[in-house]
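Notes follow once the structure below has been shown.
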Amino acid sequence: MTYTEHFEQIVKDQLARVERLLASSEMTDFSKKEKIIIGTIDGDGIGPIIMDSCRKILEKLLADEIASGKIELRTIDGLTLENRIAKMETVPQDVLAAIKECDLLLKGPTTTPGKGDNLPNIESANVTLRRELDLFANVRPVVIPEKNIDWIFYRENTEGEYALGSRGVDINEDISIDFKVTTTIGTKRLARAAFEYAKNNGNKNVSIVTKANIMKKTDGKFLSLCQEVAKDYPGIKVDDWYVDIMAANLVNDQINSQFNVVILPNLYGDIITDEAAQLQGGVGTAGSANIGGRYAMFEAIHGSAPRMMEDGIGEYANPASINRAAVMMLKHIGFVQKAAILEKALDAAQEALSLPGDGTGNTATDFTAFVLERLS
Ligand code: IPM
Ligand code: MG
Numbered sequence: 054m055t056y057t058e059h060f061e062q063i064v065k066d067q068l069a070r071v072e073r074l075l076a077s078s079e080m081t082d083f084s085k086k087e088k089i090i091i092g093t094i095d096g097d098g099i100g101p102i103i104m105d106s107c108r109k110i111l112e113k114l115l116a117d118e119i120a121s122g123k124i125e126l127r128t129i130d131g132l133t134l135e136n137r138i139a140k141m142e143t144v145p146q147d148v149l150a151a152i153k154e155c156d157l158l159l160k161g162p163t164t165t166p167g168k169g170d171n172l173p174n175i176e177s178a179n180v181t182l183r184r185e186l187d188l189f190a191n192v193r194p195v196v197i198p199e200k201n202i203d204w205i206f207y208r209e210n211t212e213g214e215y216a217l218g219s220r221g222v223d224i225n226e227d228i229s230i231d232f233k234v235t236t237t238i239g240t241k242r243l244a245r246a247a248f249e250y251a252k253n254n255g256n257k258n259v260s261i262v263t264k265a266n267i268m269k270k271t272d273g274k275f276l277s278l279c280q281e282v283a284k285d286y287p288g289i290k291v292d293d294w295y296v297d298i299m300a301a302n303l304v305n306d307q308i309n310s311q312f313n314v315v316i317l318p319n320l321y322g323d324i325i326t327d328e329a330a331q332l333q334g335g336v337g338t339a340g341s342a343n344i345g346g347r348y349a350m351f352e353a354i355h356g357s358a359p360r361m362m363e364d365g366i367g368e369y370a371n372p373a374s375i376n377r378a379a380v381m382m383l384k385h386i387g388f389v390q391k392a393a394i395l396e397k398a399l400d401a402a403q404e405a406l407s408l409p410g411d412g413t414g415n416t417a418t419d420f421t422a423f424v425l426e427r428l429s
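Read in order, the letters of the sequence shown correspond to residues 54 to 429 in the working numbering.
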């Protein structure tokens, strides 16, 4: 394929994707579902360790619902780096089919081979799942009570730099080109979700973050569409920032507590949410929800921590992040009281235990036992 044919193919695929999005308006109403199937996926590295914690905690917290058949916790096997490499598929077909039979997913981190890892260059399983299940909003709360910080990030989750992240071209030895995609439907549905959250939570401030001065087409479109959606929410204070100064604002204690809901394109959202999570106490402490119309997937914000496994200190992994994601999942399906019970136990664990992730302090097992004891 010449690179002009390659580009033509990319454009065709994106046009077809937009057609599909325009044609589908699926929306699961969890309050009306007789049975909710939650698929649990271990992932790689520290994944099985933190997922074991989360499963045990949910089994206790939801014991009645599991016994009555209202909720099923279903283990989904096979989303491991070994199996993905053996099959040379980012998400093997049989695993994807099993995933699509669930309503919700709780997922441990999966390893993405990077340059220099000497592994086949398969795409990130996260990126594939977000795309395959059309999980368009990546929602990441960060709360730091002592600094009066209450942030929630709405990161676009299927477009931007990620839509074609593994379909860039090496034109020749000297030039490589990647692509970034912004669509009207993709941006508006994200902006709408963020503004709805802001409205339903006391008209919180909304900040739109782009680099529209440089990425004029894609970020320019993102910014103006978010501003257009904002017009439907006259009670909400809206401002916009370039991503570089926003990175600075978040560590500026003079002003950081004035931000609430932050809307960002995919890659900036990836970077800024790690920064924000670090301010809260580390990437091990923050949960993350990937929300779509039909499916939703909840996961830890961090990766599989291969270095912890190599150093033999996997037992010291912090299960807080995946359990915070479980709180978001319970809220998503309307189990507000269960969510509050778990949240309180997690806050207590964060207060009482120390899991810095360097092989000192408490273990994942300590964490799980502490939380289990506070659930009843
Ligand atoms: C995240 C992660 C992923 C991303 C990786 C694992 C592909 O960093 O969920 O933030 O870049 O989105
Ligand atoms: Mg990230």
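Even for Gly, the Cβ is constructed at its ideal location relative to N, Cα and C.
**Q.** Lining residues of the ligand IPM - beta-carbon closer than 5 angstroms to any non-hydrogen atom, in sequence order
**A.** Ser-177, Asn-179, Asp-323
**Q.** Nearest residue (CA-CA) to Arg-184, options Ala-216, Ala-358, Glu-226
**A.** For the residues Ala-216, Ala-358, Glu-226, the minimum Cα distance to Arg-184 belongs to Ala-216.
Q) Taking the beta strand (DSSP E) that Arg-427 falls in, what are its first and last residues? A) Taken as a continuous stretch (DSSP letters only), Arg-427 belongs to no beta strand (DSSP E), as it is neither H nor E.
Q | Gly-273 - partner residues in DSSP beta bridges | A | Answer is none; Gly-273 lacks a bridge partner.
Q) Any heavy atom of the ligand MG within a distance shorter than 7 angstroms of the CB on Asp-327? A) yes
Q: Kindly indicate if chain B contains any beta-carbon less than 8 angstroms away from that of Gly-335.
A: Going by chain labels, chain B is absent from the structure shown, which holds only one protein chain.
**Q.** Inside the segment 86-139 only - alpha helix (DSSP H) runs reaching at least 4 residues
**A.** 100-114, 116-121
Q. So, is Leu-172 buried or exposed, given that buried needs 16 or more other C-beta atoms within 10 angstroms?
A. Here Leu-172 is exposed: its Cβ has fewer than 16 other Cβ atoms, across all protein chains shown, within 10 Å.
Q: Please state whether DSSP places Ile-152 in a helix, a strand or coil.
A: Three-state DSSP puts Ile-152 in a helix.
**Q.** Per DSSP, cross-strand counterpart(s) of Gly-340
**A.** Ala-353
Q) Along the chain, where does the alpha helix (DSSP H) that runs through Asp-327 open and close? A) 319-333
Q: Would you kindly check if the distance between the Cβ of Thr-263 and the Cβ of Tyr-295 is under 8 angstroms?
A: yes
Q) Nearest-angstrom Cα distance between Lys-20 and Asn-313? A) With the chain represented from 54 up to 429, any question about residue 20 goes unanswered, as that position is not in the structure.
Q: Give the secondary structure of Val-234 by DSSP, where H, G and I count as helix, E and B as strand, and everything else as coil.
A: strand
Q) How many Å lie between Val-71 and Gly-365 at the Cα? A) Taking the straight line joining both Cα atoms gives about 46 angstroms.
(Q) Leu-399 and Asn-376 - do their beta-carbons sit closer together than 8 angstroms? (A) yes
Q.
Rounded to whole angstroms, what is the Cα-Cα separation between Lys-233 and Ser-219?
A. So the alpha carbons of these two residues sit roughly 11 angstroms apart.
Q.
Per the DSSP calculation, Asp-203 is bridged to which residue(s)?
A. Val-196
**Q.** Assigned exposure category for Asn-191 - 16 Cβ within 10 Å defines buried
**A.** Asn-191 comes out buried.
Q: Determine contact between the segment 289-303 and the segment 228-246, defined as no fewer than three beta-carbon pairs at a distance below 8 angstroms.
A: Touching, no.
Q.
Helix, strand or coil for Ile-261? Go by DSSP, reduced to three states.
A. strand
Q. From Val-196 to Arg-245, what distance separates their C-alpha atoms?
A. Val-196 and Arg-245 have their C-alpha atoms some 22 angstroms from each other.
Q) Is it right to say Lys-160 is buried, meaning 16 or more other beta carbons lie within 10 angstroms of its own, or is it exposed? A) buried
Q) Cβ atoms of Ala-150 and Tyr-207: under 8 angstroms apart, would you say? A) no
Q: Give the straight-line distance between the Cα atoms of Thr-93 and Gly-122, rounded to the nearest whole angstrom.
A: 17 angstroms
(Q) Using only the alpha-carbon positions, how far apart do Ser-374 and Gly-340 sit? (A) Cα to Cα, Ser-374 sits roughly 5 angstroms from Gly-340.
Q: Please name the residue, chosen from Ala-393, Met-381, Ala-329, that lies closest to Glu-352 on a Cα-to-Cα basis.
A: That would be Met-381, whose Cα lies nearest to the Cα of Glu-352.
Q. If you compare alpha carbons, which of Glu-154, Lys-113, Asp-130, Gly-335 is closest to Pro-145?
A. Asp-130
Q) Which whole-angstrom value is the C-beta distance of Gly-346 and Met-80, which I expect to be below 8 angstroms? A) 5 angstroms
(Q) Do Cys-155 and Pro-372 count as a contact pair if the criterion is CB distance below 8 angstroms? (A) no
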